[in-house]
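**Student:** Each number in this note's numbering comes from the position in the sequence shown (counting from 1) with 30 added on.
Positions of the beta carbon are idealized from the N, C-alpha and C atoms, including for glycine.
Please find one structure pasted underneath; my questions will follow.
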Amino acid sequence: MRNKKMLLVIVFSFVFITLSACWDDAELEDREFIVGVAIDLVGDADDGDKMFEMTQQSAVPAGLATATDSGSGKAYLNLSQTGKTLNQINAKISKQTNNMINTEHLKLILVSKELAEEPGLFTNVIDVFIRVQGFRRGIKVAIVDGESPAKEILNIDPEHAYIPSQYLNELLENEVTPETMEPLRIGELQELLLNKSSFTVPLLTKHSASTANYESVAIFDGNSSRLVDTISGEDAMGLNFILGRNQVGSVSTEVEGEQIAFSIKQGNSKIKLINSNKDALAFHIEMNVEAQVEEYHGYKDYYTKEGAKQFEEVLDQKIKSMTERTIRKLKDDLQVDVMKLDNHLRMFHYDVWKQVKDNWDHGENYFANSDVTVDVNSVLVEPGSIIQIKRKGNEE
């Protein structure tokens, strides 16, 4: 009997200790959840008197609506400070809040274009977030362009989101246009920086008080890790066709002087090395595209075999023209490889890669001296409405 009592005492003691394990846990309302960060360059970088300004956007639980509560007040808080290091700034910001800062929900890092253009600064900024334990490798990174600093984009008032960072995070996932790139996450960025590979970063601009624009791509030189240019429109579309990704969207051109818009359903690309001489490297890129006629202002019957073939050839030529212009810009003008030709050599022709890797898109720049050709194979599927064709036929 005595042994049973002793056993019960031990069991209850263990239960009490276990139940009190969260005695020092902070309530939700007492935590400050950082969801977005914007970093700007202030001061004169040329005179060596550069300073950073960091803005942290945190969620305010009281302002978030739930199934039973519509929320009260603004759902976010922006706090900014300046300093020569981000750690110094973070310490200053911590003095402005009376809550416990939590970074586990950070989703977005925004860097001003001005800062990214300075040699070495972008790498230094990103390195801080890579080093800190607890930051998730899925955090998205974007560049902010425009007349106002990057922090201003965290002040927009989106109509369909409570927090600007939430809206911007979802905007970067937009895949309805081939002019945008896939989101860049900090884990992938770390690998690119370690390999000194050139890369692209989504570029955002503030469009209005309630919206941002995502229609451009920032090009980074892997050797200097600095932003060297931006591409948009058909140049960005051409890059996506080369890479064989994010091709869903619309491509417009003309058929016999009449406007036509193709809806790209899916596509892929395949790179082939056709000359392995390091001093005369030659690549061929084959692109396969499935498309549908989305809008057509003419009367050509594309339901016939001959009509469909003509439309496919028009689309082939349009995509070929876009991609060749993109190649000229990247290879001849910027001389940075964001077409992933280096990845192809590294994965499938490592012997060649060992010969050129130290001077791929810098130094002797084997990339700029290489030859890149393209072919496009389009297939027209689900042609769509033929109202215009029928009208023309009735007139005749």
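Could you give the C-beta distance for I123 and L136, rounded to a whole number, given that I count them as a contact under 8 Å?
**Tutor:** For the purposes of this step, residue 123 is taken as the residue at position 93 of the sequence shown. For the purposes of this step, residue 136 is taken as the residue at position 106 of the sequence shown. Not quite, the Cβ-Cβ distance comes to about 14 Å (not below 8 Å), so this is no contact.
**Student:** Report the rounded CA-to-CA distance for P194 versus A242, giving the unit in angstroms.
**Tutor:** Taking the sequence shown and counting its residues from 1, the one referred to as residue 194 is at position 164. Taking the sequence shown and counting its residues from 1, the one referred to as residue 242 is at position 212. Cα to Cα, P194 sits roughly 10 Å from A242.
**Student:** For A56, which of helix, strand or coil comes out of DSSP?
**Tutor:** By one-based count along the sequence shown, residue 56 stands at place 26. At A56, the pLDDT of 47 sits below 50, so the modelled position is not reliable and the matter cannot be decided from this model.
**Student:** Could you give the first and the last residue of the continuous beta strand (DSSP E) run that contains K181?
**Tutor:** Here residue 181 corresponds to residue number 151 of the sequence shown, with the count starting at 1. Neither: K181 is in no beta strand (DSSP E) and is coded neither H nor E.
**Student:** From the DSSP secondary-structure annotation, give me the bridge partner or partners of Y326.
**Tutor:** If you number the sequence shown from 1, residue 326 lands on position 296. Its beta-bridge partners are I290.
**Student:** Report the rounded CA-to-CA distance for N199 versus I156, giving the unit in angstroms.
**Tutor:** Locating residue 199 in the sequence shown gives position 169, counting from the first residue. Locating residue 156 in the sequence shown gives position 126, counting from the first residue. Between N199 and I156, the C-alpha separation is close to 18 Å.
**Student:** Give every residue of the same chain whose Cβ lies closer than 7 Å to the Cβ of N318, excluding the five residues on either side of it in the sequence, and list them in chain order.
**Tutor:** To locate residue 318, count along the sequence shown from 1; it is residue 288. These residues qualify, in order along the chain: G297, N298, N407.
**Student:** Relative to the C-alpha of L273, which candidate in T356, T334, L234 has its C-alpha closest?
**Tutor:** As a working note, residue 273 is residue 243 in the sequence shown. When each option's Cα is compared against that of L273, the closest is T356.
**Student:** Could you tell me which of L269, L223, I249, F313 sits nearest to L233, measuring between CA atoms?
**Tutor:** In the sequence shown, counting from the first residue as 1, residue 233 sits at position 203. The shortest C-alpha separation from L233 is found at I249.
**Student:** Distance, Cα to Cα, D54 vs N270?
**Tutor:** Translated into the one-based positions of the sequence shown, residue 54 becomes position 24. Translated into the one-based positions of the sequence shown, residue 270 becomes position 240. Residue confidence for D54 is low, a pLDDT of 46 falling below 50, so the modelled location carries little weight; the figure read from the coordinates is stated next. The straight-line gap from Cα to Cα measures roughly 51 Å.
**Student:** May I have the straight-line CA-CA distance separating L224 from N305, to the nearest angstrom?
**Tutor:** Start at 1 with the first residue of the sequence shown, and residue 224 comes out as number 194. Start at 1 with the first residue of the sequence shown, and residue 305 comes out as number 275. Approximately 28 Å, taken between the alpha carbons.
**Student:** According to DSSP, what are the bridge partners of T260?
**Tutor:** Residue 260 sits at position 230 when you count from the first residue of the sequence shown. Paired residues: A248.
**Student:** If the criterion is Cβ atoms closer than 8 Å, does the pair Q86 and I64 meet it?
**Tutor:** For the purposes of this step, residue 86 is identified with residue 56 of the sequence shown, where counting begins at 1. For the purposes of this step, residue 64 is identified with residue 34 of the sequence shown, where counting begins at 1. Cβ atoms of Q86 and I64: closer than 8 Å.
**Student:** Relative to the alpha-carbon of K104, which residue among A291, G66, A191, K125 has its alpha-carbon at the smallest distance?
**Tutor:** Taking the first residue of the sequence shown as position 1, residue 104 is located at position 74. The shortest C-alpha separation from K104 is found at A191.
**Student:** Please tell me whether Q365 and F313 are closer than 8 Å, where the distance is taken between their beta carbons.
**Tutor:** Within the sequence shown, residue 365 is the residue found at index 335, counting from 1. Within the sequence shown, residue 313 is the residue found at index 283, counting from 1. The answer is no: Cβ separation not under 8 Å.
**Student:** Near T207, what residues of its chain come up, given a Cβ to Cβ distance below 7 Å and the 5 sequence neighbours on each side ignored?
**Tutor:** Mapped onto the sequence shown, residue 207 falls at position 177. Once the five neighbours on either side are set aside, the close Cβ partners of T207 are G279.
**Student:** Under 6 Å Cβ to Cβ from A51, same chain only, skipping five residues before and after it: list those, please.
**Tutor:** The residue given as residue 51 occupies position 21 in the sequence shown. Any reading at A51 must be qualified, since the residue scores a pLDDT of 48, below 50, and its modelled position is unreliable; no value is offered.
**Student:** Give the straight-line distance between the Cα atoms of L219 and P149, rounded to the nearest whole angstrom.
**Tutor:** For the purposes of this step, residue 219 is taken as the residue at position 189 of the sequence shown. For the purposes of this step, residue 149 is taken as the residue at position 119 of the sequence shown. Cα to Cα, the separation comes out at about 17 Å.
**Student:** Which runs of the alpha helix (DSSP H) fall wholly inside the segment 357-396 and span at least 4 residues, in chain order?
**Tutor:** You should have 371-378, 380-386.
**Student:** Considering only the alpha carbon of each residue, which of V141, T115, L107 lies closest to T127?
**Tutor:** Counting from one through the sequence shown, the residue named residue 127 turns up at place 97. Ranking V141, T115, L107 by Cα distance to T127 puts L107 first.
**Student:** Taking DSSP as the reference, what is the three-state secondary structure of V278?
**Tutor:** Taking the sequence shown and counting its residues from 1, the one referred to as residue 278 is at position 248. Note: V278 maps to coil in three-state DSSP.
**Student:** If you run the structure through DSSP and keep just helix, strand and coil, what is F229?
**Tutor:** Translated into positions along the sequence shown, residue 229 becomes position 199. Three-state result, F229: strand.
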